[in-house]
Structures are given as structure tokens and as C-alpha cells.
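Enquirer: Residue numbers (the numbering used here), protein chains in the order written: chain H, 116 to 267; chain G, 116 to 267. Idealized CB from N, CA, C, for every residue including glycine. The structure's right below; bear with me while I get my questions together.
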DNA sequence: TAACATAAGTGGTTAATAGTGGGTTAAAAT
DNA sequence: ATTTTAACCCACTATTAACCACTTATGTTA
């Protein structure tokens with residue numbers, strides 16, 4: 116079964132003196148009643164933070180369990196993906212506290228860019244994202260290959 | 116299954132001080148009852164905006180969900196496609212608000228050209244479209260290639 | 001074809017929501 | 001016991017969305 120979440124869009128918000136970040140209303144509205152206010156935040160593979168609604172996270176965990184720890188890649192990935200996973204709630208204003216370890220990892224200072232990517236939400240330092248945009252130009256060949264699989 | 120939408124025609128409308136654009140009645144009438152008033156607007160490949168009825172977008176989304184974020188190409192592709200996608204409703208007058216990021220991207224000032232292209236609607240700055248019309252003359256060879264796939 | 005009726009396009013005002021900032025109290029950690 | 005952290009509450013401002021109103025175009029009927 117595929118995800119019930121379809122986060123999209125980009126937003127520029129700010130982090131306050133208490134490390135609180137607001138979740139953009141269009142994204143917040145998608146949190147189901149059951150998962151209300153609860154989600155998991157962890158390190159992204161890129162230098163950003165990933166937010167999953169709690170029941171999405173449970174699906175991810177099921178998939179992660181399939182990975183054998185005999186592979187070094189798997190071990191490293193699992194370790195880094197799980198050790199920084201925090202269960203978080205947002206307050207009555209729709210904000211959450213970004214854990215210090217993720218403030219450091221993402222190098223977020225004042226401004227925050229928030230991007231909806233289907234079943235997860237990415238939290239970026241805007242300056243860093245700009246750099247990534249420039250350097251991560253995916254070569255045409257990769258896109259050509261993708262185009263054979265995705266028809267948009 | 117092919118699309119239920121067959122948007123056609125060109126219209127010249129205007130954007131108002133609140134960045135509202137009217138959807139031409141002939142196009143608006145095609146929005147089904149279920150999708151009433153809801154659609155997705157995003158960056159086109161050219162310097163225009165693309166509008167998809169929400170259920171057209173869901174077809175695209177289903178394909179995007181197949182892509183694993185463990186692949187870097189996929190991550191960049193997903194992020195860059197989804198970050199500019201806005202879920203939008205039009206008001207009781209049949210207008211919608213063009214997000215600021217797309218106002219910038221399309222360089223739309225006052226006049227707006229709206230074109231129906233089968234399953235999507237394109238939103239252009241008329242001046243820009245004129246330039247593209249002149250420079251984008253498709254060479255004969257490309258048409259030859261197309262002819263192998265499309266029978267018109 | 002003239003008059004009327006209806007729909008379409010445009011403009012503005014008001015009410016509701018969203019984003020941000022800060023303070024107070026309760027819980028937790030040192 | 002003291003300091004730090006986290007939850008909760010209140011408040012202000014800016015933005016957005018809902019509502020109302022007017023003008024122009026289109027179409028219909030006498």
C-alpha cells in the first residue's frame with residue numbers, strides 16, 4: 116500500500132530563539148487525526164532533516180528491518196538513520212523543537228527552507244540548499260534514464 | 116488509461132494586484148465535479164507554469180512514489196519537481212492565486228496568456244511566449260521522429 | 001434587431017487564519 | 001537545590017481566503 120501523504124511545495128520560515136520551527140499550514144493539514152501532532156524527525160541522507168508522520172515511519176522501519184547487517188553499507192546506513200531519530204510533537208501553534216543535534220547537522224541558523232517530498236518533509240539551511248542546487252545538477256543521462264520509468 | 120481532459124484554445128487574461136488569475140470558462144467547465152476547484156500548479160519545462168487537475172496530478176504522483184530516495188538521482192529529481200508544486204483551489208469567481216515563486220519564474224507582469232494543452236493548462240507571460248514562438252521553431256528532423264510515435 | 005437575461009471577467013472590503021515572539025509554569029536533569 | 005529544558009498560554013501582525021459588488025460580454029427571445 117502506498118503512502119497516504121502527498122507533501123508538496125516549498126516554504127521559507129524562521130527558527131526562533133528556542134529552536135522552534137513552524138510547520139507550514141498546507142503540510143500540517145495533511146497530518147491525520149490519528150497521528151495528530153506526532154512525527155519522527157531524523158537525519159536526511161543529504162545535509163538536511165527528514166520529517167515523517169509517525170505511521171509513515173512505521174512503514175519505513177518495516178522496510179529497514181529487511182536490510183541485512185552483514186553489509187557494511189547497510190550497517191552504516193541503519194546506524195545513522197536510526198540513532199538520530201527523534202519522536203516529536205508539535206505544539207498548539209503548530210511548531211516543534213528542532214533537536215540540537217539536527218541544528219548542528221543541518222547548520223541551520225535563522226532562516227529555514229521547508230520542502231514537501233511526498234511522504235516526507237525536508238528541513239534545510241537555505242544557503243546550503245542553494246549550494247546543493249548548483250552542485251547537484253544531475254547529469255542529463257540520469258534524467259534520460261529516469262524518463263523511461265517516470266512519465267510526466 | 117488516457118486523460119479525461121482535452122484542454123484546448125488560447126486566452127489572454129490579466130493578473131490583478133493580488134496575483135489572482137481567472138481560469139477561462141471553457142477550460143474551467145472541464146474540471147470534473149469530484150476535482151471541483153482543486154488543481155496543482157507547478158513550473159513548466161519552459162518558462163511557464165503548468166496546471167494539472169488534481170486527479171491528473173495523482174497519476175503523476177503515483178509514478179513518483181515508485182522512486183526510492185536512496186538513489187541520489189531520485190532524491191534530486193523528486194525534490195526539484197515537488198518543491199515547486201502547489202496545490203491550489205479556485206475561488207467562487209473561478210480565480211486562483213499564482214504563487215509568488217511562479218510569478219517570478221514566469222516573469223508575468225500584467226497580461227497573461229493561457230493555453231489549453233490536452234491534460235494541462237499553460238500560463239505564460241505573452242511577451243516571453245512571443246519570443247519562444249520565434250526561436251523555438253522545431254526542426255524538420257524532430258518532427259520526423261515525432262511522426263513515428265504520434266499519428267496525426 | 002432591440003430588449004432583456006444570464007454568464008463571464010475584474011476589482012475591492014472584510015473576516016479568518018497563519019506566522020512569529022515572548023512569558024509562565026511544570027517537569028527533568030545536573 | 002539549582003539550573004535547564006520542555007509544555008502551555010497569550011498576544012500581535014501580516015497574509016490569505018471568503019464575500020460582495022460592478023462592468024462587460026454573450027446569448028436568447030419577443
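(1) Since residue 167 of chain H is in the beta strand (DSSP E), which residue starts that stretch and which ends it?
(2) Could you list the residues in the segment 132 to 162 of chain H with a C-beta less than 9 Å from some C-beta on chain G, going in chain order?
(3) Mind checking if residue 180 of chain G is an interface residue toward chain H, Cβ cutoff 7 Å exclusive?
(4) Look at the alpha carbon of residue 172 of chain G and the alpha carbon of residue 181 of chain H, and state the distance between them as a whole number of angstroms.
(5) In the DSSP assignment, the alpha helix (DSSP H) including residue 248 of chain G goes from what residue to what residue?
(6) Report yes if the C-beta distance between residue 158 of chain G and residue 220 of chain G is below 7 Å; otherwise report no.
(7) Going by beta-carbon coordinates alone, are residue 175 of chain G and residue 154 of chain G separated by less than 7 Å?
(8) Given a cut-off of 7 Å, decide if residue 217 of chain H and residue 164 of chain H are closer than it, judged by their beta-carbon atoms.
(9) Please go through the same chain and pick out, in chain order, the residues whose beta-carbon is closer than 7 Å to the beta-carbon of residue 130 of chain G, but skip the five residues on each side of it.
(10) If you draw a straight line from the C-alpha of residue 162 of chain H to the C-alpha of residue 195 of chain H, how long is it?
(11) Could you check where the alpha helix (DSSP H) with residue 215 of chain H kicks off and where it finishes?
(12) So with CB distances below 9 Å, who are the chain G contacts of residue 231 of chain H?
(13) Would you please verify whether the beta carbon of residue 210 of chain G is less than 7 Å from any beta carbon of chain H?
(14) Which residue or residues does DSSP assign as beta-bridge partners of residue 127 of chain G?
(15) Let me know if residue 191 of chain H comes out buried or exposed under the rule of 16 or more other beta-carbons within 10 Å of its beta-carbon.
(16) Please report the straight-line C-alpha distance between residue 235 of chain H and residue 166 of chain H, rounded to a whole angstrom.
(17) Out of H:241, H:239, H:215, which one is the CA nearest neighbour of residue 200 of chain H?
(18) Who are the neighbours of residue 173 of chain H on chain G, taking C-beta pairs under 7 Å?
(19) Starting from residue 177 of chain H, find everything on chain G with Cβ-Cβ shorter than 8 Å and list it in chain order.
(20) Evaluate residue 198 of chain H with the Cβ neighbour count: other Cβ atoms within 10 Å of its Cβ, from every protein chain shown; 16 or more gives buried, anything less gives exposed.
(21) Tell me whether the beta-carbon of residue 230 of chain H lies closer than 7 Å to the beta-carbon of residue 139 of chain H.
(22) Under the three-state reduction of DSSP, which class applies to residue 160 of chain H: helix, strand or coil?
(23) Report the three-state DSSP secondary structure of residue 122 of chain G (helix, strand or coil).
Expert: Let me spell this out:
(1) 164 to 168
(2) 141, 159, 160, 161
(3) yes
(4) Using only the alpha carbons, I get a separation of about 31 Å.
(5) 241 to 250
(6) yes
(7) Going by C-beta atoms, residue 175 of chain G is not nearer than 7 Å to residue 154 of chain G.
(8) yes
(9) By the criterion of a C-beta distance shorter than 7 Å, residue 130 of chain G is surrounded in its chain by 136, 213, 223, 225, 227, once the five residues flanking it on both sides are discounted.
(10) 12 Å
(11) Note, residue 215 of chain H: alpha helix (DSSP H), 215 to 221.
(12) 197, 198, 200
(13) no
(14) G:228
(15) exposed
(16) 5 Å
(17) H:215
(18) In chain order: nothing, as chain G lies at least about 17 Å away.
(19) By Cβ distance, chain G contributes nothing, its closest Cβ being about 15 Å from residue 177 of chain H, past 8 Å.
(20) exposed
(21) Cβ distance not < 7 Å, so residue 230 of chain H and residue 139 of chain H don't count as in contact.
(22) If DSSP states are grouped into helix, strand and coil, residue 160 of chain H belongs with coil.
(23) strand
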